[in-house]
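Trainee: If you count by the UniProt record's numbering, then the sequence shown holds residues 1 to 318, one letter each, in order.
Glycine included, every Cβ here is placed at the ideal spot set by N, Cα and C.
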Amino acid sequence: MWRGDFETGDRSQYSRAQMVNANRLQVVTSPVAEGKYALKATVHQGDDPINASGNRNELVYISNEPVGSEYYYRWKVMFANDFPSVDTWQLFTQWHHDGCCGSPPVEFYVRGEQILLSLPGTSEIPWRTKLTRGVWHEFILRAKWSSDPKVGFVELWHNQEKVLPKRAAMTMYKGQRNYLKLGLYRSDTVKPVGVVYHDGFIQATALSDVLEQKPDPVPPPVDAGTPDAGSPVDAGSPVDAGSPRTRVRPWIRTPWTRGKVPRSHSPRRTRGRRRRTRARAPGRTCLRPAASPRMTTPPRRRGAAAPVVQRRRSRCWG
């Protein structure tokens, strides 16, 4: 397999260049059909780098296909929007013979508003199509090289569509070999500037080798569906906690009270000392107990019974 797709960023894939100036065969980054680079071929009237008929700027690849060999060739071409429309020949790709003079045995060219494939050895134009400017044209040529029209043949695809079934043809001149030329070669009568772009040239022995390899499509993501949360879990009826309980305050005994009083009413939780006085009846004499200091009780654990304190009574007589 050989590639002349300019992905080296220069013209080094080719054997030599026939050009009057380096700006006539430029490797450019835009426009391109594939990859990063393409060739821009420009011809002005009077461009004649090899002192021959017509005007040209072309690249040459000495492929020297042997007699009886068979190859597939794929390349892409775009004609500038202002490409001249003239009723004369303007070659953009040719397989030229290594002898002197005459038309090549296989050539692609533009005439007027048509693109044509010509086989001068048998004076045939087996295929033609309308010239469309500003778009890339893809060509795939299958050729068996032979000077015997019963052995040699051509087959052509244009824009991935087979447009010429296998056709017997004289594809070489007897005793000569072919080599590739591409760029722009035209009649010296054409005055307007002509610009043609070339890209992606491949030569191989199998069709699969020259077909453009497209990346495999990315499979769509698998739809896992909406997550099934299942049936809602029945939490059951709410548990009836019953009526709120009334807080039961612990009862305590104190020396100053009869019976039980709530702890919150305990003298221990009030400031000062509570004294209980008893009304004295007339004519009675009472001995009141001495004032006792404020009682303090050691702390006790929760749930323990409160200590029982004996109350001191007053003594009366009379």
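Just how far apart, CA to CA, sit S15 and P220?
Mentor: Counting from 1 along the sequence shown, the entry for residue 15 is found at position 15. Counting from 1 along the sequence shown, the entry for residue 220 is found at position 220. Near 47 angstroms, if we compare the C-alpha coordinates of P220 and S15.
Trainee: Taking the DSSP output, what are the residues bridged to Q18?
Mentor: Translated into positions along the sequence shown, residue 18 becomes position 18. According to DSSP, Q18 bridges with E58.
Trainee: Classify D209 as helix, strand or coil using the three-state DSSP reduction.
Mentor: What you label residue 209 is simply residue 209 of the sequence shown in a count that begins at 1. Residue state, collapsed to three classes: helix.
Trainee: DSSP on P165, reduced to helix/strand/coil?
Mentor: Position 165 of the sequence shown holds residue 165. Strand.
Trainee: Among D188, L164, G152 and S53, which has the Cα closest to the Cα of P66?
Mentor: Along the sequence shown, one-based indexing puts residue 66 at 66. The shortest C-alpha separation from P66 is found at G152.
Trainee: Can G112 and S85 be called in contact, C-beta distance under 8 angstroms?
Mentor: As a first step, residue 112 must be located in the sequence shown, where it is residue number 112. As a first step, residue 85 must be located in the sequence shown, where it is residue number 85. Their beta carbons are under 8 angstroms apart, which means G112 touches S85 by this criterion.
Trainee: Using only CA atoms, which one of D209, D199, L211 and A206 lies nearest to R11?
Mentor: Within the sequence shown, the letter at position 11 stands for residue 11. Checked all of D209, D199, L211 and A206; the closest Cα to R11 is D199.
Trainee: Is it buried or exposed for G4, if we count other Cβ within 10 angstroms and need 16 for buried?
Mentor: Counting from 1 along the sequence shown, the entry for residue 4 is found at position 4. By the neighbour-count rule (16 or more Cβ atoms within 10 Å), G4 is buried.
Trainee: Roughly how many angstroms separate the alpha carbons of A168 and G35, rounded to a whole number?
Mentor: Here residue 168 refers to the residue found at position 168 when the sequence shown is read from its first residue. Here residue 35 refers to the residue found at position 35 when the sequence shown is read from its first residue. Each residue's Cα considered, the two are about 35 angstroms apart.
Trainee: Taking its Cβ as the centre, do 16 or more other Cβ atoms sit within 10 Å of S53, making it buried, or is it exposed?
Mentor: By one-based count along the sequence shown, residue 53 stands at place 53. That one is exposed.
Trainee: Considering only their Cβ atoms, is the gap separating W75 from F201 smaller than 8 angstroms?
Mentor: As a first step, residue 201 must be located in the sequence shown, where it is residue number 201. As a first step, residue 75 must be located in the sequence shown, where it is residue number 75. Yes.
Trainee: Beta-carbon within less than 6 angstroms of Y73's beta-carbon, same chain only, minus the 5 sequence neighbours each way: which residues are those?
Mentor: Taking the first residue of the sequence shown as position 1, residue 73 is located at position 73. Only L141 and Q203 meet the Cβ criterion.
Trainee: For the segment 26-34 and the segment 103-111, state whether three or more C-beta atom pairs, one from each stretch, are separated by less than 8 angstroms.
Mentor: Too few Cβ pairs lie closer than 8 angstroms, so no.
Trainee: Measuring only the C-alpha atoms, how far is N55 from H137?
Mentor: If you number the sequence shown from 1, residue 55 lands on position 55. If you number the sequence shown from 1, residue 137 lands on position 137. Spanning the two alpha carbons is a distance of roughly 23 angstroms.
Trainee: For the beta strand (DSSP E) holding I140, just list the boundary residues, first then last.
Mentor: If you number the sequence shown from 1, residue 140 lands on position 140. W136 to K144 is the span of the beta strand (DSSP E), which, as asked, contains I140.
Trainee: Looking at the structure shown, is T270 part of a helix, part of a strand, or coil, going by DSSP?
Mentor: The sequence position of residue 270 within the sequence shown is 270, counting from 1. Its pLDDT being 47, under 50, T270 is placed unreliably by the model, and nothing is read from it.
Trainee: Is P66 helix, strand or coil by DSSP?
Mentor: Stepping through the sequence shown from its first residue, residue 66 is reached at position 66. DSSP places P66 in coil when its eight states are reduced to three.
Trainee: Closer than 7 angstroms by C-beta to R133: which residues in its own chain qualify, once you throw out the five before and the five after it? Chain order, please.
Mentor: Numbered from 1 along the sequence shown, position 133 holds the residue referred to as residue 133. Excluding residues within five positions, the ones whose Cβ falls inside 7 angstroms are F79, A80, N81 and F83.
Trainee: According to the neighbour-count rule (16 or more other Cβ atoms, all chains shown, within 10 Å of its Cβ), is L174 buried or exposed?
Mentor: Indexing the sequence shown from 1 puts residue 174 at position 174. First, the residue type needs correcting, since residue 174 is Lys and not Leu in the sequence shown. Its Cβ having fewer than 16 others within 10 Å, K174 is exposed.
Trainee: Quick one: residues in its chain with C-beta nearer than 6 angstroms to the C-beta of L91, no 5 flanking neighbours on either side, listed in chain order?
Mentor: Position 91 of the sequence shown, counted from the start, is the residue given in the question as residue 91. Closer than 6 angstroms at the Cβ level, and outside the excluded window around L91, lie E107, Y109 and Y185.
Trainee: Can the beta-carbon of residue 354 be found closer than 8 angstroms to that of L25?
Mentor: Since the first and last residues shown for the chain are 1 and 318, residue 354 lies out of range.
Trainee: Can you tell me which of the three DSSP states P49 falls into?
Mentor: On the sequence shown, position 49 is the one that residue 49 refers to. Three-state DSSP puts P49 in coil, outside helix and strand.
Trainee: Kindly list the residues whose CB is nearer than 7 angstroms to the CB of residue 329, restricted to its own chain and excluding five residues on each side of it in sequence; keep chain order.
Mentor: As displayed, the chain neither begins before 1 nor continues past 318, which places residue 329 out of reach and without an answer.
Trainee: Beta-carbon separation of M1 and D188 under 8 angstroms?
Mentor: In the sequence shown, residue 1 corresponds to position 1, counting from 1. In the sequence shown, residue 188 corresponds to position 188, counting from 1. In this structure, D188 does not lie closer than 8 angstroms to M1 by Cβ.
Trainee: Quick one: residues in its chain with C-beta nearer than 6 angstroms to the C-beta of K181, no 5 flanking neighbours on either side, listed in chain order?
Mentor: Walking along the sequence shown from the start, residue 181 turns up at place 181. The answer, listed in chain order, is E58, V60, Q94 and H96.
Trainee: With Y71 and T205 assumed to form a contact (beta carbons below 8 angstroms), what rounded beta-carbon distance in angstroms separates them?
Mentor: As a first step, residue 71 is located in the sequence shown; it is residue number 71 there, counting from the start. As a first step, residue 205 is located in the sequence shown; it is residue number 205 there, counting from the start. Yes, they are in contact, since the Cβ atoms of Y71 and T205 sit about 6 angstroms apart, within 8 angstroms.
Trainee: Alpha carbon to alpha carbon, how far is L117 from W89? Give it in angstroms, no decimals.
Mentor: Counting from one through the sequence shown, the residue named residue 89 turns up at place 89. Counting from one through the sequence shown, the residue named residue 117 turns up at place 117. Cα to Cα, the separation comes out at about 12 angstroms.
Trainee: By DSSP, does G152 sit in helix, in strand, or in coil?
Mentor: Counting from one through the sequence shown, the residue named residue 152 turns up at place 152. If DSSP states are grouped into helix, strand and coil, G152 belongs with coil.
Trainee: Between A33 and V135, what straight-line distance do the alpha-carbon atoms span, to the nearest angstrom?
Mentor: Taking the sequence shown and counting its residues from 1, the one referred to as residue 33 is at position 33. Taking the sequence shown and counting its residues from 1, the one referred to as residue 135 is at position 135. Taking the straight line joining both Cα atoms gives about 9 angstroms.
Trainee: In whole angstroms, what separates the C-alpha of P17 from that of G183?
Mentor: Position 17 of the sequence shown holds residue 17. Position 183 of the sequence shown holds residue 183. Looking at the sequence itself, residue 17 is Ala, so the reference to Pro does not match. The alpha-carbon atoms of A17 and G183 are separated by roughly 10 angstroms.
Trainee: Between which residues of its own chain and residue 319 is the CB-CB distance below 7 angstroms, once the five residues before and five after are set aside?
Mentor: Absent from the structure is residue 319, since the part of the chain shown begins at 1 and ends at 318.
Trainee: Would N64 be called buried (16 or more neighbouring beta carbons within 10 Å of its own) or exposed?
Mentor: The residue you call residue 64 lines up with position 64 of the sequence shown. Looking at its Cβ environment, which holds fewer than 16 other Cβ atoms inside 10 Å, N64 is exposed.
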